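J.: I am attaching a structure below and will ask some questions about it afterwards.
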Amino acid sequence: MLQQQLVNGLMLGAAYALVAIGYSLVFGVLKLVHLAHGEVFMIGAFIGLQSVLWFKVSPVVALLAAAAGSAVLGMILELVAFRPIRARGGHFLAPMVSTIGAALVIQEVATKLFGSEPIGFPQTGTVTSWQFGAVQVSSVQLFILLASVISMLALHLLVAHTRYGMAMRAVAESPGTAAILGINPNNVILLTFAVASALGGVAGVLLGLSFNSISPYIGIDMGIKGMAIMLIGGLGNIYGAMLGGLLLGAVEVLSVAYFESSYRDAFAFGLMIIIVLFRPQGLFGSSYHVEGRA
Amino acid sequence: MSYYESVAIVLAINVLMGISLYIPMAAGQISLGHAGFMAIGAYVCALLASQSGVAFALALLAGGVAAALAGLTVGFPALRVRGIYLIILTMGFGEIVRIFFLNFEPTGGPSGLRGIKPLTTLSGLVIACVIAIGVAVQLRRSRVGRAMIAVHEDEGAAEAMGIHLMYVKLMSFAVGAFIAGVAGGFYAHYAMFIEPAQFGFLRSAEAFLFVVLGGFSTVLGPIVGAAFVTLLPEVLRFIQEWRMTFFGVLLVAAALWRPDGLIGPRRLKGS
Amino acid sequence: MLLRLEEVRKRFGGYEAVAGISFEVAAGSIHSLIGPNGAGKTTLLNLISGVLPPTAGRMWFHDAEFTGRRADQILAMGIARNFQHVRLFRTLSVRENVLVGRHARIRGGFLAAIFALPFRPTTAERAARARVDELLEFVGLAHRRDTRVDDLTMVEQRRVEIARALASDPALLLLDEPAAGMNPAEVEGLTQLMRRICERGTTVMLVEHHMRLVMAVSHRVTVLTMGTLLAQGTPEEIRQHPQVISAYLGNEGWAS
Chain A
44 MLQQQLVNGL MLGAAYALVA IGYSLVFGVL KLVHLAHGEV FMIGAFIGLQ SVLWFKVSPV
104 VALLAAAAGS AVLGMILELV AFRPIRARGG HFLAPMVSTI GAALVIQEVA TKLFGSEPIG
164 FPQTGTVTSW QFGAVQVSSV QLFILLASVI SMLALHLLVA HTRYGMAMRA VAESPGTAAI
224 LGINPNNVIL LTFAVASALG GVAGVLLGLS FNSISPYIGI DMGIKGMAIM LIGGLGNIYG
284 AMLGGLLLGA VEVLSVAYFE SSYRDAFAFG LMIIIVLFRP QGLFGSSYHV EGRA
Chain B
9 MSYYESVAIV LAINVLMGIS LYIPMAAGQI SLGHAGFMAI GAYVCALLAS QSGVAFALAL
69 LAGGVAAALA GLTVGFPALR VRGIYLIILT MGFGEIVRIF FLNFEPTGGP SGLRGIKPLT
129 TLSGLVIACV IAIGVAVQLR RSRVGRAMIA VHEDEGAAEA MGIHLMYVKL MSFAVGAFIA
189 GVAGGFYAHY AMFIEPAQFG FLRSAEAFLF VVLGGFSTVL GPIVGAAFVT LLPEVLRFIQ
249 EWRMTFFGVL LVAAALWRPD GLIGPRRLKG S
Chain C
-8 MLLRLEEVRK RFGGYEAVAG ISFEVAAGSI HSLIGPNGAG KTTLLNLISG VLPPTAGRMW
52 FHDAEFTGRR ADQILAMGIA RNFQHVRLFR TLSVRENVLV GRHARIRGGF LAAIFALPFR
112 PTTAERAARA RVDELLEFVG LAHRRDTRVD DLTMVEQRRV EIARALASDP ALLLLDEPAA
172 GMNPAEVEGL TQLMRRICER GTTVMLVEHH MRLVMAVSHR VTVLTMGTLL AQGTPEEIRQ
232 HPQVISAYLG NEGWAS
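Protein chains in written order, with this note's numbering: chain A, 44 to 337; chain B, 9 to 279; chain C, -8 to 247.
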């Protein structure tokens, strides 16, 4: 029984991890929280939904469409809501205001297009189950797990083993120095947004499959939860975000299985507060950014 | 109740929320979870005034005190972090409060509380606003107000000047939360029905916007910000269906046009 | 003895900035701390003022131990300081900055402020302002009382910081390189100021590179190098101390 719950939790957690990684990527290069990232996740879910409903494509194609569409949306957001404000300087809160505005616009447009009621996510193809010892895994769950793992692997390869990844890490460390070395920070930031948003979009489809329904309001809930995961893992640390997501998925599923199911969503925040109290830099972060004093 | 009276009441409640956030922010404590304090104040006040027959003013104060206690509870972990960590922490707090009320049967769970008596009057709110503004001004001119600004600007130097950081940060959180709780009480007895969904992140973001848009050098900032955010959708009513969208666009534009807030950087006042 | 340090150490990771320092400062004196860059002088000031906690060692003020206390507690005890790189509060006026310095000597928290009579500053507040005006007069900046800090020259800003430190009526004033960037006339002004501060009963502990100033104004000099104490004595003794000369003063000794 416990193993089953753990496996379920890891599946859920893998999708959560993808969202949190998106936040971490953006925070890493910009030192800002992308408050509209949750909406990108939501749009990704809807792109996936529409592809399946109207174009009858396979889930894999739906995922790729969601990734591509979200990446485009993410880049638009960077160009419209972040870049001009960075150029203007000013208070560091200004980008937060503009991303809240952008999030509002996206959510409202989605509501107009798709209505505010939850829509069921269709099952595609036949659903089969496999038995691994005491654990039962459905094809949907397996799909989610595979897609997440492949995405995270691809991200790791990108960040650790390509020129682009190195450029990303350079800009995250120090934009000025990176510029002197010939890296264009603006392009890197755009690329980072594209990658982060693509992951978010993929997560949207996967979670839609997992929960079987989506609505234009899932953006806010996932958004805040994603930020909490980022804090648990350590801001700006993508591996921390991965592990944080997995941890949270496991905790949530276990909480539903063994405690009051309705408080499930509060566990993310409860865990976050515990981390803030005892290890503010997160599980894997450095204390550089934290520096609070009582 | 006429349309204009209704708008004025909503404006006044928003002004209170703006001031409730302005006070902790003056000490450098940013909160994106103020809707949580508002919710606590709303529920406590509604339970006392509508269901237990307590005098409205007393119920409002009780709601404020309950919210202030919550403010102290959040304030403690907040001492250990700053900047973006603080923002995320307070967002989490707001969510925890919302989820709590979603599950708490004695206050109706997801269906919320209905049949709250319409005790909110515009004159009552105006008095509350005047008091809140007075509190903010009094604080600013006092030793504590200077300490808050010092803490906001440079904690290390402030502490070396003899300022007890914990006290300043905790108390600004508590006072701000108190005002938000009172605002919640007024809101409950105006809307006559409250549910957890009304106190979600969007509500916290709204209060945050009042302060950031209006500027937070003086108490005038959140007032202007609240006015802008409340009245603009009313003026744009003709856009009807698309008002929130247009509003979001305006926010992006405002952040671009005035990154320092509509009131601008601090004008130095003579002491 | 006003201030006493015993085997005080401060370690940053693998690097020991202060490696076991013990000395005493007598009340009513001007005591200077000199040494090459990196000797640990500013770190020591940070330890005494509570900005940094010591890794080891003990400290006493008026025979009461204060090791590990917070900076605001240490200020309340009677030790105040300025900062090497001026840390004034830029959004406050000159007068308000100095008023912040007096924070610990005025009473009244949040509730007192909220319930005070509007439009009338309290008696405590008015007394504080009078004292602050007196201090600004003392450092020669009374005419700049309501100016923004950014509109002052650097030397003026340093004097505001000194006034801010004096605002708490400290028994011990820690000064971190107050003469940096000053021309000879300004240094002379600073020398006079420090003498007047000492005459009025405040003990001064001075970290400085400006040798002429140190020799002119100090009663006692302590020399640090690489986190340890090299020599102590009167200015004359230090001036002639062979190890000090070779380690620090070199042949250029008195050029500055």
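Every residue, glycine too, gets a C-beta built ideally from N, C-alpha and C. Bear in mind that the values here come from a model prediction, so they are computed numbers and not experimental data.
Grab the span of the beta strand (DSSP E) containing A10/C for me, first residue to last.
T.: Y6 to V16
J.: Taking any Cβ of chain C, which residues in the region 26 to 45 of chain B have a Cβ under 8 angstroms from it, in chain order?
T.: Cβ contacts with chain C come from no residue of the region 26 to 45 of chain B.
J.: Quick check on the burial criterion: 16 or more other C-beta atoms within 10 angstroms. Buried or exposed for G15/B?
T.: Rather than Gly, the amino acid found at residue 15/B in this sequence is Val. Exposed, by the Cβ-count rule.
J.: Is F64/B a contact residue of the ligand MG, with contact defined as CB to any heavy atom under 7 angstroms?
T.: The ligand MG is not part of the structure shown, which contains no ligands of any sort.
J.: Looking at C-alpha atoms only, which residue of T98/B, E214/B and R251/B is the closest neighbour of F181/B?
T.: T98/B
J.: Closest Cβ-Cβ distance between L24/B and chain C: below 8 angstroms?
T.: no
J.: Figure out for me which residue from E199/C, A154/C, A30/C and R60/C has the closest Cα to the Cα of E168/C.
T.: E199/C
J.: Can you name the residues of chain C whose CB is closer than 7 angstroms to the CB of G142/B?
T.: Per Cβ cutoff of 7 angstroms: P109.
J.: Could you tell me whether any Cβ in chain A is nearer than 8 angstroms to the Cβ of Y12/B?
T.: no
J.: Please confirm if R131/A has its CB atom under 8 angstroms from at least one CB of chain B.
T.: yes
J.: Would you say E113/B faces chain A, with C-beta separation under 8 angstroms as the test?
T.: no
J.: Note down, one range per segment and in chain order, each alpha helix (DSSP H) of at least 4 residues found wholly within the region 145 to 227 of chain B.
T.: 151 to 161, 163 to 168, 173 to 199 and 209 to 222
J.: Between the alpha carbons of I96/B and I143/A, how many angstroms are there, rounded?
T.: 14 angstroms
J.: Just curious, the beta strand (DSSP E) that Q179/A is in, first and last residue?
T.: Note, Q179/A: beta strand (DSSP E), V178 to S181.
J.: Could you tell me how far apart the beta carbons of I149/A and G112/A are, in whole angstroms, since I believe they sit closer than 8 angstroms?
T.: About 12 angstroms separates the CB atoms of I149/A and G112/A; that is not less than 8 angstroms, and the two are not in contact.
J.: For a quick check, are the C-beta atoms of A86/B and A62/C less than 8 angstroms apart?
T.: Between A86/B and A62/C, the gap from beta carbon to beta carbon reaches 8 angstroms or more.
J.: Between G44/B, M156/B and V227/B, which has its C-alpha nearest A144/B's C-alpha?
T.: Taking only the C-alpha atoms, the option nearest A144/B is V227/B.
J.: What three-state label does DSSP hand R211/C in the structure shown?
T.: strand
J.: For D308/A, count neighbouring Cβ atoms within 10 angstroms of its own Cβ and tell me buried if that reaches 16, exposed if not.
T.: Counting C-beta atoms within 10 angstroms of its own C-beta, D308/A has 16 or more neighbours from the protein chains shown and is therefore classed as buried.
J.: Quick check on I359/A: does DSSP put it in helix, strand or coil?
T.: Absent from the structure is residue 359/A, since the part of chain A shown begins at 44 and ends at 337.
J.: Tell me the rounded alpha-carbon separation between A282/B and Q37/B.
T.: Because chain B spans 9 through 279 in this model, residue 282/B falls outside it and cannot be assessed.
J.: CA-CA distance, A176/C and D137/C?
T.: Cα to Cα, A176/C sits roughly 26 angstroms from D137/C.
J.: CA-CA distance, I90/A and A293/A?
T.: 27 angstroms
J.: Using the rule of at least 16 other Cβ atoms within 10 Å of the residue's Cβ for burial, across every protein chain shown, is H172/B buried or exposed?
T.: buried
J.: Considering only DSSP beta bridges, list what F52/C is partnered with.
T.: Answer is L(-6)/C and A55/C, bridged to F52/C.
J.: Using the three-state DSSP reduction, which class does L163/C fall into: helix, strand or coil?
T.: strand
J.: Taking E161/B as the query, report the chain C residues whose CB atoms sit under 7 angstroms from its CB, ordered along the chain.
T.: At a beta-carbon threshold of 7 angstroms, the residues of chain C lying near E161/B are F80, R81 and T82, ordered along the chain.
J.: How would you write the range of the alpha helix (DSSP H) that A154/C sits in, first residue to last?
T.: M145 to L157
J.: Tell me which same chain residues have a C-beta within less than 7 angstroms of the C-beta of M44/A, skipping the five on either side of it?
T.: Excluding positions up to five away in sequence, the list is empty.
J.: Sort I21/C, Q75/C and A67/C by Cα distance to R93/C and report the nearest one.
T.: A67/C
J.: Exposed or buried, which one is R81/C when buried takes at least 16 other CB atoms within 10 Å?
T.: exposed
J.: Report all residues from its chain with a CB closer than 7 angstroms to the CB of S159/C; omit the five preceding and five following residues, and keep chain order.
T.: Excluding positions up to five away in sequence, the list reads L66, A71, G92, R93, A95 and R96.
J.: Is the beta carbon of G48/C closer than 8 angstroms to that of L(-4)/C?
T.: yes
J.: Using DSSP's beta-bridge definition, name the partner residues of Q174/A.
T.: Per DSSP, Q179/A.
J.: Reducing DSSP to helix, strand and coil, say where V198/C ends up.
T.: Here V198/C carries a strand assignment [DSSP, helix/strand/coil].
J.: Using a 10 Å radius around the Cβ and a threshold of 16 neighbouring Cβ atoms, would you call P109/C buried or exposed?
T.: Exposed: under 16 other Cβ atoms inside 10 Å.
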